[in-house]
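From first to last, the protein sequence lines stand for chains P and R.
Residue numbers for the first sequence follow this note's numbering, so the first one is 193 and each next one is one higher.
Residue numbers for the second sequence follow this note's numbering, so the first one is 188 and each next one is one higher.
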Amino acid sequence: MKRFLLYIAVLTTAFVCIQSAAVQADTVLNPSLYAFGARQIGMGRATLGDKGDPNNIFSNPASIDFSKYWQISATSSNLLGDINQNTAAASFKTGFGTIGIGFVGLSAGGSFPTVREPSVTGRIILDPSAEAIGYDNNILVLSFAKRIEFAGDLSLGASLKNYNQSISGPNSSARGTATDLDIGLLYCPESLPWISAGFAYQNLLSSPLSWSGASTASDRLGGAMKIGGQFRLSGKDSLLEDRLGENDIVGALDMEMPRDTLSSSNGTLFRAGIEWKPAKTVALRLGYDQSAPDSPINYGIGLEQSQFRFDYAYKADPFSSNNSHIFTLSYFPEPEKPRAAKKKGAYAVKISSPADKTSVTEEALAISGSVENAHELSALKINGRYVMALSTANSFEAHWPTLEAGANVLSIEVFVSSPEAGSASAALNILRAPVIEDVAADSFAKDPIAYLSNLGIMRGYSDGTFRPEQNINRAELVTLLVKARGHKEPGVTSRDFKDVPVNYWAAGFASIAAKEGLVKGYPDGTFKPAKNVSMAEAAVIISRFSGASLEPVAVSPFTDVAIDNWAVRDIDYAKKKGMFDFVVGTGLEPNRNITRGEVAYMLSKTPLIQSSIEAVFSSLPTGEPAAQGPIDLVPLPQSVVKTYYRSVLTSAKISTSEVKDVSINGKRLRLARGSSSFSETIGLAAGSNTVEVKAIGSKDEEIYRLERRIIRF
Amino acid sequence: MRRIALIICTTLLMLTAGTACFAATAPDFELFINGIRTQNNDTISSTPSIEVRIIGSSSLEVDSIRLAYTKPGLTVEVTDLITKVEVSSTECLVFYKPTTAFEDGIYSVLLYIGDFAGGYTLFEATGLRVLGTSAVSLQGNPLNYPNPFDPASGTYISYNLTKDSNISIGIYDLAGNNLTKITRSAGIDGGSAGYNEVFWDGKTGSGQTVGNGMYIYLIAIDGAISGKGKMIALKR
């Protein structure tokens, strides 16, 4: 916060210095102050709170980061029949923000040089020896905007503008150039999704327009400070939504404080506009623009079709019989939708995350996957309950909030809407294990340790640790292997190894291990129970534990294991069974002491442990939990606010007859008599989205409400 | 027809004066109608206030001055309401304002003056058009001088009116912003029938001098845009 305030202080100081150093010169036209698309003109040029229109780079560069994908727009207008203004603007979304580029071109000719008539009257007449003078005024704009989260969406933007004006005529050719900067911000508060507020300061640097050629003067371009907002009055995320129907109505109000402009007054100006969409493809607009006091009312219409939008604005300008007609053509491409194709094969759910039999410690689980041969999904159920899920094409991401401690079997059923209605299911086995402090979530041994712990084969220490990096000695290893085979601690009456007395804590396990061929002892009759087990020894003992039938080895399995190594066949077996998948690189370090974590990993690959894990899940029933509340819908967790998915699958079972209708983002789904479920896919726009599900009772009372805010990149 | 009427009128004045038409050095004449310097073929107001300024190289015989105007089929010598002012022995002014409005048509103004040497001079301004009932108020294209102009020095905007009219001249930039507005009432300087000039000082309504660039002036007559022009401001 201190740093932020420091930035503000430095910027303010710099700004004051720049403004006070501004050149005192005469004022010329700055067309960027008047560069608008027909849609904006139709709304009285109240644009500060508008989101996404590329033409906004001329008035509030922060706006363009709300655009969808890339977009381009071109505007043409004419005054008096021979003064042409052409505007082009485009914005491109990138991974680090949105880049905009714009051009404003204003040109006119036909200003004729004159002389005084050489008679006594001295009247003004055309200079017959001189040609007409022309004038061009062009601006090139480069913009950048980026959004950050700040209790909503806060977009910051800037435009670098290059001015180029020229006068061309006999003895009067001159050219003026300048560079200046616009800054802007646009804020969409999370708590008030129907409002967007904007601020812009145009020509921050107050750079002089320096002339060369027939004139060497300097002029000032003028600028403005603007503040304004846009208000969604009806439609999605609006203030009045249901009360005014489903059609979008947007209002806008701007206040502008111009400085050094050519207008007869530099006082504060107000602008207001309203846009009504009686249909998705049609928009009607009405605006009030105080900067044109003689004719402040503007009108407009917009037509959208196939990613193109045509806008027209009518402005009764001061030129009376030459009323302005402004035309804008815009292109807003959407990502290609998958073509409707015939189903190529059976639907099959593929879970990409988490992997089957993963162990987790959290109660909630995020599940992502896809449905083979599907183009579009419509709903998702887990264990019989409808779950709100994010989706794009055939991919989905869902969340299951309540994993039981221990083994869980999740039955995932995905419903497909395209190319044909259908569904597919998959089961996901998850072990929810207690947190072990010294086993990292990304440790290769996390799942094996969790399972061996759950099976009671390898337990952690009483202090809550597992000590996965700790070495394991021969006595410990044979003990856990013998236990894994189901042997209980046996009594020992005779000594099998010279160095293992009968009262040694692992004497019984060592004896059984020897009898079952897991270990043979050393030629001198010893067992060396306290000796740490090496990687090679572990391979030998665990391959015996697996009941492996070893084969001759032609190629050494690791670069540091010689082909004539005493344990090469066991190491080769273990490698083929994936027991050494944790080894990084091409060397095994066979003589290095193995750790507890590595032993757990190797053990988890043995047939006995694998079948034990299977048994854990296969013994569990999958049931349908009882519904909770009038609508049985498992919502996305509040923490899910950012995603690349482009739609939300919202389905639920109605658990009570009290619910008459369901409203999803203002759209009423009237339930048929006897209907007990509904399903709706809601598209996510780039940026902030709200998904609101309401259950309406027979007296139009709200009996259930769910709201989630999702930011789509 | 006009020529015949002019010959008749001239002859009438000469015969009535009873003097041969010769003079040593003819005086100069300047005709002003409603204060506007008027020349042949100008449009004049239907209620003209005629002023002739006579400057001679020798003493003028003011009493000999006679004034007449003609229109096709009508020659009128003005005897009443004519005022002669002797500014000096070599300069005098003649004023006349008819009590009734002129009908539409083409008029001539004639003025006879004799000198003490027995000579005389006849001044005539012909083709003066009265278009008081014309629907069109602005003739031709307005112009400004100088063009390009230095905004610090301003520029004159000229235009021809067919009749006395209320004039409003709006100055705009190419974005359609109104910079300032100049108004003139009908019948006074800038709003009179005939040739008019109005000065714009190169400043906006808020007092800012405009910079280099093109500006538009629109001339509204009685509220309706009737003419336009484009001018270039260029600071040297």
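Note that beta-carbon positions come from the ideal geometry of N, C-alpha and C, so glycine has one too.
Contacting residues, own chain, Cβ-Cβ under 7 Å from residue i (five flanking each side not counted)
| i | result |
| --- | --- |
| residue 551 (chain P) | 623, 625, 638, 639, 642 and 643 |
| residue 424 (chain R) | Here chain R comprises residues numbered 188 to 423, so residue 424 (chain R) is not present and cannot be evaluated. |
| residue 690 (chain P) | 717 and 718 |
| residue 488 (chain P) | 480, 481 and 482 |
| residue 906 (chain P) | The shown model of chain P, from 193 to 905, leaves out residue 906 (chain P), and the question about it has no answer. |
| residue 829 (chain P) | 556, 591 and 593 |
| residue 224 (chain R) | 217 |
Cβ-based neighbour list, residue i, same chain, cut-off 6 Å, excluding 5 preceding and 5 following
| i | result |
| --- | --- |
| residue 189 (chain R) | For residue 189 (chain R), the pLDDT reaches just 47, beneath the cut-off of 50, and the residue's location in the model is therefore unreliable, leaving the point undetermined. |
| residue 343 (chain R) | 332, 384 and 386 |
| residue 207 (chain R) | Confidence at residue 207 (chain R) is low in this model, with a pLDDT of 39, below 50, so the placement of that residue should be treated as unreliable; the coordinate-derived value is given next. Nothing meets the Cβ criterion. |
| residue 356 (chain P) | 330 and 369 |
| residue 404 (chain R) | 344, 356, 358 and 416 |
| residue 664 (chain P) | 725, 788 and 791 |
| residue 411 (chain P) | 217, 218, 220 and 401 |
Interface residues of chain B facing residue i [CB-CB closer than 7 Å]
| i | result |
| --- | --- |
| residue 220 (chain P) | Considering every chain present, this structure includes no chain B. Its protein chains are P and R. |
Of the listed residues the options, nearest to residue i (C-alpha basis)
| i | options | result |
| --- | --- | --- |
| residue 345 (chain R) | R:376, R:397 and R:295 | R:376 |
| residue 732 (chain P) | P:794, P:747 and P:722 | P:794 |
| residue 401 (chain R) | R:282, R:337 and R:411 | R:337 |
| residue 583 (chain P) | P:558, P:538 and P:841 | P:841 |
| residue 240 (chain P) | P:399, P:675 and P:463 | P:463 |
| residue 139 (chain P) | P:557, P:749 and P:325 | Look at the range of chain P in this structure, 193 to 905, and you will see that residue 139 (chain P) is not part of it. |
| residue 542 (chain P) | P:472, P:489 and P:617 | P:617 |
| residue 235 (chain R) | R:276, R:371, R:315 and R:354 | R:315 |
| residue 390 (chain P) | P:383, P:400 and P:379 | P:379 |
| residue 525 (chain P) | P:898, P:889 and P:246 | P:246 |
| residue 562 (chain P) | P:607, P:894 and P:449 | P:607 |
| residue 308 (chain R) | R:245, R:393 and R:339 | R:245 |
| residue 742 (chain P) | P:576, P:495, P:767 and P:882 | P:767 |
| residue 681 (chain P) | P:687, P:671 and P:859 | P:671 |
| residue 418 (chain R) | P:332, P:318, P:445 and P:502 | P:318 |
Expected contact under 8 Å - CB spacing of residue i and residue j to nearest Å
| i | j | result |
| --- | --- | --- |
| residue 752 (chain P) | residue 710 (chain P) | The Cβ separation is near 25 Å, so there is no contact. |
| residue 581 (chain P) | residue 590 (chain P) | 4 Å |
| residue 366 (chain P) | residue 421 (chain R) | 6 Å |
| residue 271 (chain P) | residue 516 (chain P) | 6 Å |
| residue 372 (chain P) | residue 399 (chain P) | 5 Å |
| residue 216 (chain R) | residue 238 (chain R) | The Cβ separation is near 11 Å, so there is no contact. |
| residue 337 (chain P) | residue 256 (chain P) | 5 Å |
| residue 658 (chain P) | residue 627 (chain P) | Residue 658 (chain P) to residue 627 (chain P), Cβ: 11 Å. No contact. |
| residue 334 (chain R) | residue 360 (chain P) | The pair is not a contact, with the Cβ atoms about 14 Å apart (cut-off 8 Å). |
| residue 330 (chain R) | residue 349 (chain R) | Actually they are not in contact, since the Cβ atoms of residue 330 (chain R) and residue 349 (chain R) sit about 17 Å apart, beyond 8 Å. |
heavy atom of the ligand ADP below 7 Å from residue i C-beta
| i | result |
| --- | --- |
| residue 519 (chain P) | Looking for the ligand ADP in the displayed structure turns up nothing, as the structure carries no ligands at all. |
Neighbourhood of residue i by C-beta, 8 Å cutoff - its chain only, sequence neighbours within 5 removed
| i | result |
| --- | --- |
| residue 878 (chain P) | 258, 259, 260, 261, 285, 904 and 905 |
| residue 783 (chain P) | 726, 727 and 728 |
| residue 263 (chain R) | 255, 256 and 257 |
| residue 193 (chain R) | At residue 193 (chain R) the pLDDT is 47, less than 50, meaning the model places this residue with poor confidence; the figure from the coordinates comes in the next sentence. Counting only Cβ-Cβ distances below 8 Å, and skipping sequence neighbours, we find 257, 295, 297, 311 and 313. |
| residue 386 (chain P) | 423, 424, 425, 429, 430 and 431 |
Opposing strand residues paired with residue i [DSSP bridges]
| i | result |
| --- | --- |
| residue 247 (chain R) | R:302 |
| residue 263 (chain P) | P:283 |
| residue 577 (chain P) | P:574 |
| residue 624 (chain P) | P:552 and P:598 |
| residue 418 (chain P) | P:392 and P:448 |
| residue 290 (chain P) | P:285 and P:337 |
| residue 567 (chain P) | Answer is none; residue 567 (chain P) lacks a bridge partner. |
| residue 386 (chain R) | R:343 |
| residue 911 (chain P) | Because chain P here runs from 193 to 905, residue 911 (chain P) falls outside it and cannot be looked at. |
*Of the residues that make up the segment 478-505 of chain P, which ones have a beta carbon closer than 9 Å to any beta carbon in chain R?*
483, 484, 485 and 486
_Proximal residues, the segment 839-870 of chain P versus chain R, C-beta separation under 8 Å_ = Listed by position, the residues of the segment 839-870 of chain P near chain R (Cβ gap below 8 Å) amount to none.
*Closer than 9 Å, Cβ to Cβ, to anything on chain R: give me those residues from the segment 304-320 of chain P, in chain order.*
304, 305, 306, 307, 308, 311, 312, 313, 314, 315, 316, 317, 318 and 319
*Please list the residues of the segment 320-333 of chain R that have a C-beta atom closer than 8 Å to any C-beta atom in chain P, keeping them in chain order.*
Listed in sequence order: 330, 331, 332 and 333.
*Using a Cβ-Cβ cut-off of less than 7 Å, give me the residues of the segment 367-386 of chain P that come near chain R, in sequence order.*
Interface annotation for the segment 367-386 of chain P against chain R: 368, criterion Cβ-Cβ distance under 7 Å.
*What residues in the segment 220-238 of chain P have a beta carbon less than 7 Å from any beta carbon of chain R?*
220, 221, 223 and 226
*Residues in the segment 220-238 of chain R having any Cβ partner in chain P nearer than 8 Å*: 224 and 226
_By the 8 Å beta-carbon criterion, what residues does the segment 346-378 of chain R contribute toward chain P?_
357, 359, 360, 361, 362, 363, 364, 365, 366, 367 and 368
*Please list the residues of the segment 392-407 of chain P that have a C-beta atom closer than 8 Å to any C-beta atom in chain R, keeping them in chain order.*
So the close ones are 401, 403, 406 and 407.
*Note down, in chain order, all residues in the segment 237-252 of chain P with a beta-carbon under 9 Å from any beta-carbon belonging to chain R.*
none
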